[in-house]
Amino acid sequence: MDCYKVSRSDPLSGEVEISGAKNAVLPVMAATLLAPGVSRIRNVPNLKDVRTMADVLRVVGARVSFSGDEMSVDATDVSHFEAPYELVVTMRASIYVLGPLLARFGTARVSLPGGCAWGPRPVDLHIWGMEQLGAEVTVAHGYIEAKCRPGERLKGAEIHFPISSVGATANVVMAAVLAEGTTVLNNAAVEPEIDNLCEYLVSMGAKIEGIGSRTLRIEGVETLRPGDGVTIPDRIEAGTFLCAAAITRGRVRCLKTEPKHLMEVIRAFVRMNYQVDYGEDWIELDARSAEPRPVKIVTQPYPGFPTDMQAQFLALLATIPGNSVVQETIYADRFKHVPELDRLGATIQLQGDTAFVEGGAKLTAATVMASDLRASAALVLAGLVAEGTTKVTRIYHMDRGYERFEQKLSALGGRIERASDGE
Ligand code: EPZ
Numbered sequence: 008m009d010c011y012k013v014s015r016s017d018p019l020s021g022e023v024e025i026s027g028a029k030n031a032v033l034p035v036m037a038a039t040l041l042a043p044g045v046s047r048i049r050n051v052p053n054l055k056d057v058r059t060m061a062d063v064l065r066v067v068g069a070r071v072s073f074s075g076d077e078m079s080v081d082a083t084d085v086s087h088f089e090a091p092y093e094l095v096v097t098m099r100a101s102i103y104v105l106g107p108l109l110a111r112f113g114t115a116r117v118s119l120p121g122g123c124a125w126g127p128r129p130v131d132l133h134i135w136g137m138e139q140l141g142a143e144v145t146v147a148h149g150y151i152e153a154k155c156r157p158g159e160r161l162k163g164a165e166i167h168f169p170i171s172s173v174g175a176t177a178n179v180v181m182a183a184v185l186a187e188g189t190t191v192l193n194n195a196a197v198e199p200e201i202d203n204l205c206e207y208l209v210s211m212g213a214k215i216e217g218i219g220s221r222t223l224r225i226e227g228v229e230t231l232r233p234g235d236g237v238t239i240p241d242r243i244e245a246g247t248f249l250c251a252a253a254i255t256r257g258r259v260r261c262l263k264t265e266p267k268h269l270m271e272v273i274r275a276f277v278r279m280n281y282q283v284d285y286g287e288d289w290i291e292l293d294a295r296s297a298e299p300r301p302v303k304i305v306t307q308p309y310p311g312f313p314t315d316m317q318a319q320f321l322a323l324l325a326t327i328p329g330n331s332v333v334q335e336t337i338y339a340d341r342f343k344h345v346p347e348l349d350r351l352g353a354t355i356q357l358q359g360d361t362a363f364v365e366g367g368a369k370l371t372a373a374t375v376m377a378s379d380l381r382a383s384a385a386l387v388l389a390g391l392v393a394e395g396t397t398k399v400t401r402i403y404h405m406d407r408g409y410e411r412f413e414q415k416l417s418a419l420g421g422r423i424e425r426a427s428d429g430e
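With our numbering, letter number 50 in the sequence shown gets 57, and the count goes up by one each step, no holes.
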């Protein structure tokens, strides 16, 4: 397996182009199953998860091709309605094919995704949402089997999500666009990735009102046409590079990004006394003369502070003098990176859903193990300022969600190289 060797680096400096958002393109790829014909998606990042989702689409009978950062999906001959365990277990987002297959073909069989490093990742709201639209769903032998009643289509309904769920919102929206009648979704997730999906569905002829709000009104249609849309920039990749600038006391400008998707992260940097400027499609953090302050962070559904930035901020806060607090309200145990940061010299105490950081640590290199995508990024950030060369293992997590990460970081002056574990 590969690892990263990350050495103490000078303050990062320069510009970095942000890629298309992993969490936006994955549901849009699934949405292409809703219509026969060739759909196009632009600004597609070259990521392992994108290739995995392409394999899922091929397994059900779609033809997927790439040309640069454009993807084409021909869903004309989709004839198999099952997402197998072997693929779903490697990427939870495979469950996004549930809604489209059920809506267009009246049947879907999708493996349960299983858990991840930080505990169970239930899909009960995805299943509940399909039942609200009239599907009959059984779960057995590790698979979700969903069917419409014989000779019937899904039926629109008034649905109230008990909690804000990005994935369940996406799946139910993709099912509702072909349901008979009107669906009203209350307490829908409002992450930018959901807006991106809804806009893409509208390009396919879907009728959706209230995009960007917590109440979506969907008028079901008989059929949809192939879609054509652009993937929004990856707000978490941008936030990760801004954290890299902060932790190394450098100055980095993220290009091809969307500041309004990162406002709560920008506000957190400003509360920490960092200089942050932004324009229409760029964000710059200048930490060269910063005297950063400790801060309290609470993760929330959008537009609150994103849980996907929690690990990266913990690495940064470990190096800032003073006591900081980070409360994780989205996932039960998304702190697997804390013991690894502590091995690098951080002083972080966990109490339930809250991490108490005794900041100002002088980090020293060690071998650490990545547990998930964002934890990997946090360990790399810490390695940029730890004395010596840190070895980050299991970096296949990084390859899932960060395009050309080591190339982009090296271009900013980060000392990082990919090696095999044995080296
Ligand atoms: C999406 O996951 C993202 N993944 C996650 O990013 C992100 O952390 C998460 O949204 C929250 O923003 C993708 O978009 C592919 P949720 P998702 O449904 O949809 C609970 C990354 O690093 N829940 O909004 O799975 C769930 O356990 C990844 O890029 C249920 O209880 O998240 C969590 O506590 C990690 N039942 C909360 O809701 C369900 O059926 C929010 O989860 C579904 C979710």
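Ideal Cβ placement from N, Cα and C applies to all residues, glycine included.
Residue environment, residue i, which counts as buried when at least 16 other CB atoms sit within 10 Å
i	result
P52	buried
M270	exposed
M376	buried
H133	buried
S210	buried
S72	exposed
G126	exposed
K214	exposed
H167	exposed
Q139	buried
H148	exposed
K303	exposed
L339	What sits at residue 339 in the sequence shown is Ala, not Leu. Classification for A339: exposed.
M8	exposed
A341	Position check: residue 341 holds Arg in this sequence, whereas Ala was assumed. It counts as buried.
P157	exposed
Check whether residue i and residue j have beta carbons under 8 Å apart
i	j	result
V130	L41	no
R221	V197	yes
A418	G163	no
P452	H268	Given a span of 8 to 430 for the chain in the structure shown, any question on residue 452 remains unanswerable.
L391	V13	yes
D379	K343	yes
A38	P107	yes
T306	G366	no
L351	L370	yes
L388	Q319	yes
A245	T230	no
G212	R160	no
G420	D81	no
I337	A28	no
A368	A353	yes
V455	I151	For residue 455 there is no data in the structure shown, the boundaries of the chain being 8 and 430.
In DSSP terms, what residue i is bridged to
i	result
Q334	V305 and T361
D284	E291
V191	E165 and R224
D9	S427
K154	T114 and E143
S72	S79
L262	E24 and W289
Q356	F363
S46	V80
R422	S14
V375	V399
E216	R224
P240	G27
Three CB pairs or more closer than 8 Å across the region 56-73 and the region 247-257: no
Whole runs of the beta strand (DSSP E) within the region 382-413, excluding any shorter than 3 residues: 396-400
The region 309-328 / the region 282-290 touching (three or more Cβ pairs under 8 Å): no
Touch test, the region 11-25 against the region 78-97, Cβ-Cβ under 8 Å, three pairs minimum: no
Every unbroken beta strand (DSSP E) inside the region 79-135 [3 residues or more]: 114-118
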